[in-house]
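Right, one structure below, let's go through it.
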Amino acid sequence: MLPFSGDVQSTAHNVEASKTEPDKNTYLILQGLHGADPNYNYGTHFLFQGHETGQRDAAGNVQGYITRINLDADGPHPVTLLATADSVGNHLPTIDGSTWYPWAQRLLFTSENGDKGGVWQATPDYPSMVDDLSGIFGRGGYEGIQADPQCC
């Protein structure tokens with residue numbers, strides 16, 4: 001969303017564009033990922049993003065979502081919507097950060113939504129299977145996440 005031409009910022013009026021990108025994205029080189037077009041080669045260079053803003057559900061909660069930017073793709077295939085809900089159908093929360101967890105071959109996404117925040121894992125392919133890991137990590141305001149390179 002862009003401000004109107006000539007709009008002026010003030011303490012009572014914010015003209016900055018609404019942003020959806022999280023604090024941290026994840027760049028990966030992966031082979032054989034799919035998208036909505038089964039006949040298209042999506043390439044090997046990707047930027048994965050969880051989004052901090054989105055549409056509101058019936059209860060007024062902002063819904064998050066996960067996208068994959070296909071860096072090798074042509075005009076009609078630049079972005080793939082990977083997920084808007086987890087594997088049991090719950091809407092994703094707004095997402096603040098992500099990282100690649102190579103030992104499980106999963107992306108980890110965090111949400112800083114207090115008692116509704118936590119960590120979710122997602123497969124990188126389309127459609128992404130997303131699992132809520134609150135049974136492992138608990139609930140909390142997780143701003144970001146980083147995998148230990150010495151692990152496993």
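Residue 128 in our numbering sits at position 128 of the sequence shown, with consecutive numbering throughout.
Built from N, CA and C at the ideal position, the CB exists for glycine as well.
Candidates the options: closest to residue i by CA position
i    : options                  : result
D37  : K24, A58 and H77         : H77
A73  : N113, A12, S134 and N39  : N39
Q49  : R139, D115, T99 and G117 : T99
G35  : A59, H91, S111 and A83   : A83
G144 : E52, T44 and G43         : E52
Q55  : A85, G43 and H45         : A85
D96  : Y142, Q105, R68 and L81  : Y142
A105 : V8, N61, L33 and Y42     : Note on residue identity: the sequence assigns Gln, not Ala, to residue 105. Ranking V8, N61, L33 and Y42 by Cα distance to Q105 puts L33 first.
Bounding residues of the alpha helix (DSSP H) (the contiguous stretch that carries residue i)
i    : result
G135 : S134 to F137
Contacts around residue i, its chain only, beta-carbon distance under 6 Å, and the 5 residues preceding and following it disregarded
i    : result
M129 : S87 and T123
Y101 : L108 and A147
P127 : none
Status (buried if at least 16 other CB within 10 Å, exposed otherwise) for residue i
i    : result
N113 : buried
P93  : buried
Y27  : exposed
N70  : buried
V119 : buried
H13  : exposed
Q121 : buried
G64  : buried
T110 : buried
Run of the beta strand (DSSP E) containing residue i, from where it starts to where it stops
i    : result
Y101 : G97 to Y101
N70  : I66 to N70
H45  : H45 to G50
V119 : G118 to A122
R106 : R106 to S111
T26  : T26 to I29
V62  : Element bounds for V62: n/a, residue is neither H nor E.
Residues near residue i by beta carbon distance below 8 Å, same chain, minus five either side
i    : result
R139 : G114, D115, K116, G117 and G118
L30  : T44, F46 and P124
Beta-carbon proximity list for residue i, same chain, < 7 Å, skipping 5 on both sides
i    : result
F137 : G118 and V119
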